[in-house]
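Chains as they are written, first to last, in this note's numbering: chain A, 1 to 443; chain B, 444 to 749.
Cβ coordinates follow ideal geometry from the N, Cα and C atoms, glycine included.
Note that the structure is a prediction, hence the values are computed from the model and not measured.
Remarks on the structure that follows.
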């Protein structure tokens, strides 16, 4: 009796272990993304399928990471489908990450520490030099047969963001910049028919359209990170470091940069700029759509965003108002596509990159507001008409510092701006501190 | 012969008792080593290096530098202070409030099941959802709380910017934790209350003890083990505060003044990419939690006396 019980115990223990191990085994099979096409879907009868499958070509899979929005991802599935139709031997397995920088950066860092990078990825133009410095990216010049052809066909500005210590580590997938969005209804209700042309006008209009007690503001920024204030900063003539990236002294704390942050501080103090940028307030997109923020500064994706958020809202764009020297400016944004050194099938991955850079793929993505980098597509009739103003703004837009430690420089400016807004330090002293911090990063 | 039978006996014991035990324990231990001890050992190693993520073999040994760096880091010290204040407020309120609710729900009242479920509901709701909810409630411009304070009760004349001020932000943060946690402490208290023999109360009533005396001399002493358990678990939970801080103040905004220890660890590790320093911060926290738990166990070590 006792031994029977023991045997039962042993058997059940083994079963438990077996169940556990099989659970582990099945968990290691890759989870197919919704973008992966399932060939089984059109196999109508079970008897037909085995006769055909041995004949099919050996498939290679290219893994691709991105952080696109909902409408962009849906559109992107069309790009994948078109590529797979033209290359039946390659399957694209795309994985989508949340579009905020944190989540995607996390995934990248985790992948780096566990050496589980995808074959290719779309990443922010400001990240490429960092990952190139880490030594995890594959230089594309000299490796990719059509690199020269593609690099000649794209705008030089976005291309330059891929350059690090003598090599190009990626290709410019898309580009963008920020322009002024002005809520026409709010403007007209106050008797103003035109968006401001100069930053002086901009400040006046912002104050005219503000009513602090009703939480209505003429201007709002999404946060204190550099991207948000960059268009005004550059239009005011601000610079972060010298062109050779040797020093920040006299640049981030130079007179133009100080003037830019002094202007923002004065808007904030007078209640002409929403306090939301320090946290816990109304978001800029919602605030602008609902008429609480007369002006915001944002990118071309806002058109499709407002289509889903406020279908009746009419988005109005204008160039960033001009600074003291009479020129407009803004900040260059966008994404590059890179291949990791660890990519298993480099040939197939390079084919995929070439397709992403093709006019076909770029046209498909342009439909949802993603601006192509191919110079030849600039006046393409298939592109949405509102791209015009962004193309115009891009002529004067400036790139952030292409440096592996850019994200820490960004944090230094971010903190300086917060000290200014909260009145912890005068503008000059705060930017002096930022200059010191950035100088330490340049060494 | 004798030796052989003895050997047989042990091998029999092995197959009947020891082996099944080992096999049963194996999956749990496997997971524990793989996902807990392994990474812990790895990050302990990291904490003594200036860690190079892409090429770990190129990391340089820095000894205890990362640990000393934390002590001299004003942001870390502020984060520790924030975490301690948060823990003291949330733990004490949850323990007192939870006990009150548990004693009330232990009575034969109408709709008892309904109340028990209601109190437990926030517990099973995800931290993310609760954090987003509180972000809306305490929105500095259009939040419900500001509306009530300013437009209904007229306590303030301007909207309070809850998340910009490094003192004011404790209000939403602690309220969130208390609201979300009190249901759980209630359930644990209820379990403890139901383990107290009813005869004790009957005897006390016969002896003429009133309600307060019954609570003070029977309920409270016999709940001692429950109290210790709750205190330890809640303090550990409080010190490990992360999700709500990360989501609501975006980890430290403004000026890195609203960090909990873990959000600062996160920022150092993933945004500043100083993995050695991040690991050292997490080991400071581990040490801290360990010492506090030890102290609590020592201070409250006394067996239930009935």
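With distances taken between CA atoms, residue 241/A lies nearest to 256/A out of 379/A, 256/A, 374/A. Restricting attention to alpha helix (DSSP H) runs no shorter than 4 residues, the stretch 368-403 of chain A encloses them at 387-394, ordered along the chain.
Within chain B, the residues placing a beta-carbon under 8 Å from that of residue 275/A are 583, 584, 604, 607, ordered along the chain.
Around residue 13/A, the beta-carbon contacts reaching into chain B at under 7 Å are 463, 466, 467. Sorting 179/A, 266/A, 123/A, 323/A by C-alpha distance to the C-alpha of residue 198/A places 323/A at the top. Around the beta carbon of residue 403/A, 16 or more other beta carbons lie within 10 angstroms, which makes this residue buried.
Interface residue (Cβ-Cβ distance to chain B less than 8 Å): residue 9/A is classified as such.
In this chain, the alpha helix (DSSP H) harbouring residue 411/A covers 406-421. At a cut-off of 8 Å between beta-carbon atoms, residue 109/A makes contact with chain B. DSSP places residue 144/A in the coil class of the three-state scheme, outside both helix and strand. Residues of the same chain with a CB within less than 7 Å of the CB of residue 571/B, apart from the 5 flanking positions on each side, are 686, 690 in chain order. Taking 8 Å as the threshold, the shortest C-beta distance from residue 282/A to chain B falls below it. By the rule that beta-carbons nearer than 8 Å mark a contact, residue 498/B touches chain A. Taking a Cβ-Cβ threshold of 8 Å, the residues of chain A close to residue 458/B are 6, 10, in chain order. For residue 112/A, the closest Cβ of chain B is nearer than 8 Å. One thing to note: residue 394/A has its Cβ no nearer than 8 Å to the Cβ of residue 366/A.
Taking each of 217/A, 416/A, 374/A in turn and checking the Cα distance to residue 157/A, the smallest one comes out for 374/A. With 16 or more other Cβ atoms from the protein chains shown falling within 10 Å of its own Cβ, residue 702/B counts as buried. By the C-beta density criterion, residue 119/A is buried, having at least 16 other C-beta atoms within 10 angstroms. For the set 263/A, 430/A, 10/A, 15/A, the Cα lying nearest the Cα of residue 252/A is the one of 430/A. Taking a 10 Å sphere around the C-beta of residue 500/B, we find fewer than 16 other C-beta atoms and assign the residue as exposed.
Of 204/A, 201/A, 264/A, the smallest CA-CA separation from residue 229/A is found for 264/A. Of all alpha-carbon atoms in 354/A, 165/A, 166/A, 234/A, the one lying nearest the alpha-carbon of residue 178/A is that of 234/A. Checking the DSSP bridge columns, you'll see residue 181/A partnered with 296/A, 317/A. Counting along the chain, no beta strand (DSSP E) covers residue 709/B; the unbroken alpha helix (DSSP H) around it starts and ends at 704-709. If the five residues before and after residue 592/B are omitted, its C-beta is found closer than 8 Å to the C-beta atoms of 598, 599, 603, all from its own chain and listed in chain order. According to the DSSP assignment, residue 335/A belongs to the beta strand (DSSP E) that extends over 332-339.
Judged by their CB atoms, residue 220/A and residue 176/A are not nearer to each other than the 8 Å cut-off.
Under the three-pair Cβ rule at 8 Å, the stretch 661-680 of chain B counts as touching the stretch 622-635 of chain B. At a Cβ-Cβ threshold of 8 Å, residue 128/A and residue 164/A count as neighbours. The three-state secondary structure of residue 627/B, taken from DSSP, is helix.
Taking a beta-carbon distance threshold of 8 Å, residue 578/B counts as an interface residue toward chain A. Using beta-carbon distances, residue 517/B does not count as an interface residue toward chain A, since no partner is under 8 Å. Taking 8 Å as the cut-off, the Cβ atoms of residue 315/A and residue 303/A count as close.
Interface annotation for the stretch 505-537 of chain B against chain A: empty, criterion Cβ-Cβ distance under 8 Å. In the DSSP assignment, residue 463/B is bridged to no other residue.
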